[in-house]
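Visitor: The numbering of the sequence shown is numbering that gives the first Met the number 0, which starts it at 0 and goes up by one.
Glycine is no exception: its CB is placed at the ideal position from the N, C-alpha and C atoms.
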Amino acid sequence: MESFTSIPVIDFSLSSSPATKPQFIESLRNAVVKVGFFYLKGHPVSDAIQQVLLYRSMEFFDLPQEKKLDLAMVNSKHFLGYVGETATTAGKTDHRETLTLGMDHPPPRSDEPIYRNMRGPNLWPDNTELPGFRPAIRRYINELEQLADTFKILIAEALDLEPTTFTRLFDEQSNSRLMLARYTLPSTSPDDDRLRFQGIGPHKDSGFLTFLFQGTTHSGLEAQNKTGNWVPICPLPGHLVVNVGRQLEALTKGVCQATTHRVSLQRRHFLDSDGKALGPRYSFPFFQILGLDLNPGAASITIPPHIADLVKDEKVRSDAAAYFQRYFKDGIGNGVFAMRILRHPAVAHKWYPGILESLQEQQSQ
Numbered sequence: 000m001e002s003f004t005s006i007p008v009i010d011f012s013l014s015s016s017p018a019t020k021p022q023f024i025e026s027l028r029n030a031v032v033k034v035g036f037f038y039l040k041g042h043p044v045s046d047a048i049q050q051v052l053l054y055r056s057m058e059f060f061d062l063p064q065e066k067k068l069d070l071a072m073v074n075s076k077h078f079l080g081y082v083g084e085t086a087t088t089a090g091k092t093d094h095r096e097t098l099t100l101g102m103d104h105p106p107p108r109s110d111e112p113i114y115r116n117m118r119g120p121n122l123w124p125d126n127t128e129l130p131g132f133r134p135a136i137r138r139y140i141n142e143l144e145q146l147a148d149t150f151k152i153l154i155a156e157a158l159d160l161e162p163t164t165f166t167r168l169f170d171e172q173s174n175s176r177l178m179l180a181r182y183t184l185p186s187t188s189p190d191d192d193r194l195r196f197q198g199i200g201p202h203k204d205s206g207f208l209t210f211l212f213q214g215t216t217h218s219g220l221e222a223q224n225k226t227g228n229w230v231p232i233c234p235l236p237g238h239l240v241v242n243v244g245r246q247l248e249a250l251t252k253g254v255c256q257a258t259t260h261r262v263s264l265q266r267r268h269f270l271d272s273d274g275k276a277l278g279p280r281y282s283f284p285f286f287q288i289l290g291l292d293l294n295p296g297a298a299s300i301t302i303p304p305h306i307a308d309l310v311k312d313e314k315v316r317s318d319a320a321a322y323f324q325r326y327f328k329d330g331i332g333n334g335v336f337a338m339r340i341l342r343h344p345a346v347a348h349k350w351y352p353g354i355l356e357s358l359q360e361q362q363s364q
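Below, the structure is given as structure tokens:
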């Protein structure tokens, strides 16, 4: 990966005209190959829908803690629901609260593969307490689903593949997830600008693509370049942030590169240019996930040689191949399920203790 020093901006409106689409495709290819992140402007997701999402999310996180805990993810065998400041990344606590939601699905039958338990009904707050919350979430998810569907085709075109190459790898029933996240600055030594807390630690997203709406003006999101430096991804009005996940990286044999990123919390991130407090940071990642029943053979894609040659780092190729082997070999569903188990051990301990124990033993070997 080239050592980028800024995040490229791509104008989605250029994709709609035959005269400007080649420019869009070239920009998209450069972004997913060289950076793994890009800002997307001119997209069709309306500002009004985003602002309603933000407002309703603020209402949710302002509920008394016991009300939020009624929706605790540990109560859902489908890995949906609320998580307080108990999650960890890279062995450290993430200072954030989240609520994870998806398309409402009926629970799978008992004779279906266990990984289909990642589909199921959401845990919703009471309509009488948060009227308008559920429709706001559904409207936003529907908008993002349409945009994400378009990018299945655009990414294929950027790699000189048949336009439907990736569309066939997704389920008719969406497996995408929307996360509502609130970050607050820990109270420890709040006046010390040198202190840095972990909003979420360094990681790569595990899905296909992630579409992020940064709901407030806080900085703190950062991507790591090849030299190890952290490049800020500050909010830009009217722009989404899009990044490559490890599923897309593995499918393309490392051509599209998933980039390590984090949210760093410092006092200065919670102040505006005049030094006034901004309050909590809100962000809304939408994770696009491949079809759960996809098998390794169907996921094997032949990348054109001139595109494959864009990967100059052999370690990138080998890492992508290792990830494919580890998480695709038994089917996507099993691989994603294993990652969810390890990411949410409290949920797994309640609902899937035997599988959790087995995976933890494998990790320790």
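From this set, Thr-209, Pro-106, Pro-295 and Leu-27, which residue's C-alpha is nearest Asp-159's C-alpha?
Guide: Leu-27
Visitor: If you follow the alpha helix (DSSP H) that Arg-316 is in, where does it begin and where does it stop?
Guide: DSSP places Arg-316 in the uninterrupted alpha helix (DSSP H) bounded by 313-327.
Visitor: Residues in its own chain within less than 7 Å of Arg-138 by CB, not counting five upstream and five downstream?
Guide: Ile-48
Visitor: Run the CB neighbour count on Ala-30, radius 10 Å, all protein chains shown included, and call it buried at 16 or more, exposed below.
Guide: buried
Visitor: Among all the DSSP beta bridges, which residues are the ones paired with Ala-297?
Guide: Ala-297 is not bridged to any residue.
Visitor: Which two residues bound the contiguous alpha helix (DSSP H) that contains Pro-134?
Guide: 132-157
Visitor: Using the rule of at least 16 other Cβ atoms within 10 Å of the residue's Cβ for burial, across every protein chain shown, is Pro-352 buried or exposed?
Guide: exposed
Visitor: Only counting the same chain, and skipping five residues up and downstream in sequence, which positions put a Cβ closer than 6 Å to that of Met-178?
Guide: Thr-97, Thr-99 and Pro-284
Visitor: Ile-354 to Glu-248, Cα distance in whole Å?
Guide: 27 Å
Visitor: Checking 9 Å against the spacing of the C-beta atoms, do Phe-323 and Lys-252 come in under that value?
Guide: yes
Visitor: Does DSSP put Lys-76 in a helix, in a strand, or in coil?
Guide: coil
Visitor: With a threshold of 8 Å, are at least 3 pairs of Cβ atoms found where one atom belongs to the region 197-211 and the other to the region 226-245?
Guide: When Cβ pairs closer than 8 Å are counted between the two stretches, the region 197-211 is seen to touch the region 226-245, the count reaching three or more.
Visitor: Is it the case that the Cβ atoms of Met-62 and Met-72 are separated by a distance below 9 Å?
Guide: Before going on, a small fix: residue 62 reads as Leu here, not Met. In this structure, Met-72 does not lie closer than 9 Å to Leu-62 by Cβ.
Visitor: For Ala-135, I'd like the list of residues in its chain whose CB is within less than 6 Å of its CB, leaving aside the five on either flank, ordered along the chain.
Guide: Taking Ala-135 as the centre and dropping the five residues before and after it, the same chain places the C-beta of Val-51, Leu-52 and Arg-55 closer than 6 Å to its C-beta, in chain order.
Visitor: Report all residues from its chain with a CB closer than 8 Å to the CB of Asp-93; omit the five preceding and five following residues, and keep chain order.
Guide: Closer than 8 Å at the Cβ level, and outside the excluded window around Asp-93, lie Glu-84, Ala-86, Thr-87, Gln-197, Gly-198, Ile-199 and Gly-200.
Visitor: By the three-class DSSP mapping on this structure, what secondary structure does Trp-350 have?
Guide: helix
Visitor: Leaving out the 5 sequence neighbours to the left and right, which residues in its chain are closer than 7 Å to Thr-226 when beta-carbon positions are compared?
Guide: Ser-2
Visitor: Thinking Gly-219 and His-268 are a contact (beta carbons under 8 Å), I'd like their distance in whole angstroms, please.
Guide: So it is a contact: roughly 4 Å between Cβ atoms.
Visitor: Just to confirm, is the Cβ distance from Leu-291 to Asp-204 under 9 Å?
Guide: no
Visitor: Could you spell out where the beta strand (DSSP E) holding Tyr-282 opens and where it closes?
Guide: At residue 282 the sequence reads Ser, which differs from the Tyr that was named. Residues 280-286.
Visitor: Since Gln-172 and Met-102 are thought to touch, with beta carbons under 8 Å apart, how far apart are those beta carbons, to the nearest angstrom?
Guide: Contact between Gln-172 and Met-102 is confirmed by a C-beta separation of about 7 Å, below the 8 Å threshold.
Visitor: Report yes if the CB atom of Tyr-281 is closer than 9 Å to the CB atom of Gly-334, and no otherwise.
Guide: no
Visitor: Which runs of the beta strand (DSSP E) fall wholly inside the region 76-100 and span at least 3 residues, in chain order?
Guide: 80-82
Visitor: Run the CB neighbour count on His-42, radius 10 Å, all protein chains shown included, and call it buried at 16 or more, exposed below.
Guide: Its Cβ being crowded by 16 or more others within 10 Å, His-42 is buried.
Visitor: Report the residue from Gly-206, Gly-119, Glu-161 and Asp-46 whose alpha carbon sits nearest the alpha carbon of Gly-35.
Guide: Gly-206
Visitor: Within its chain, find whatever has a CB closer than 6 Å to the CB of Pro-17; leave out the 5 residues flanking it on each side and keep chain order.
Guide: none
Visitor: Do you know how far the Cα of Thr-258 is from the Cα of Asp-312?
Guide: 14 Å
Visitor: Taking Gly-332 as part of the alpha helix (DSSP H), name the residues at either end of that continuous run.
Guide: 331-342
Visitor: Would you kindly work out how many angstroms separate the C-alpha atoms of Leu-168 and Pro-107, rounded to a whole number?
Guide: 20 Å
Visitor: Tell me whether His-104 sits in a helix, a strand or coil according to DSSP, three-state version.
Guide: coil
Visitor: If you draw a straight line from the C-alpha of Leu-358 to the C-alpha of Cys-255, how long is it?
Guide: 28 Å
Visitor: If Leu-153 sits next to Ser-12, beta carbons under 8 Å apart, how far is it from one beta carbon to the other, in whole angstroms?
Guide: So it is not a contact: roughly 13 Å between Cβ atoms.
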